[in-house]
């Protein structure tokens, strides 16, 4: 961010959003109940067994890990075959897509009225 917030990078904003989502997820902690820990699955498969292809693992992976949009977790060969874009290049692409397609719902009229009131009270006479 430059010039007291008047200039900033949309791509960097997308990266910051993804990092903030990851931090928020880490801070929220990990569930430690028997279901999430897969206690029955561990008993069934056994210590040293393979858990990655189990429906239980896939289910909780999607819930417990942020599904990154700009941080690329693929193996190098797949990343290179897909153009070897940097994180900033991917973030800029995502920012452009969001700017072109995102349509936020309109503010409730009472909220919009309160914002107008605040802005008007801050304007110079």
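Residue numbers (this note's numbering): 299 to 423.
We put the CB at the ideal spot given by N, CA and C, even for glycine.
- Residue 327 places its beta carbon 9 angstroms or farther from that of residue 355.
- Taken in chain order, the unbroken stretches of alpha helix (DSSP H) that lie wholly in the region 317–341 and span 4 residues or more are 332–335.
- With a 10 Å radius around the Cβ and a threshold of 16 neighbouring Cβ atoms, residue 413 comes out exposed.
- For residue 354, the enclosing alpha helix (DSSP H) begins and ends at 353–362.
- The alpha-carbon separation between residue 390 and residue 353 amounts to approximately 34 angstroms.
- Distance from residue 385 to residue 317 at the Cβ level is roughly 10 angstroms; contact not present, criterion being Cβ atoms closer than 8 angstroms.
- Apart from the 5 residues on each side of it in sequence, residue 377 sits with its Cβ closer than 7 angstroms to the Cβ of 370 in its chain, given in chain order.
- Between the beta-carbon of residue 393 and that of residue 308 there is about 4 angstroms, and that keeps the pair under the 8 angstroms contact cut.
- With respect to the C-alpha of residue 310, the residue from 363, 388, 401 and 347 having the closest C-alpha is 388.
- When rounded, the separation of the alpha-carbon atoms in residue 341 and residue 329 is 19 angstroms.
- Residue 320 is a Cβ neighbour of residue 366, given a cutoff of 9 angstroms.
- By the CB criterion at 9 angstroms, residue 403 and residue 410 fall outside the cutoff.
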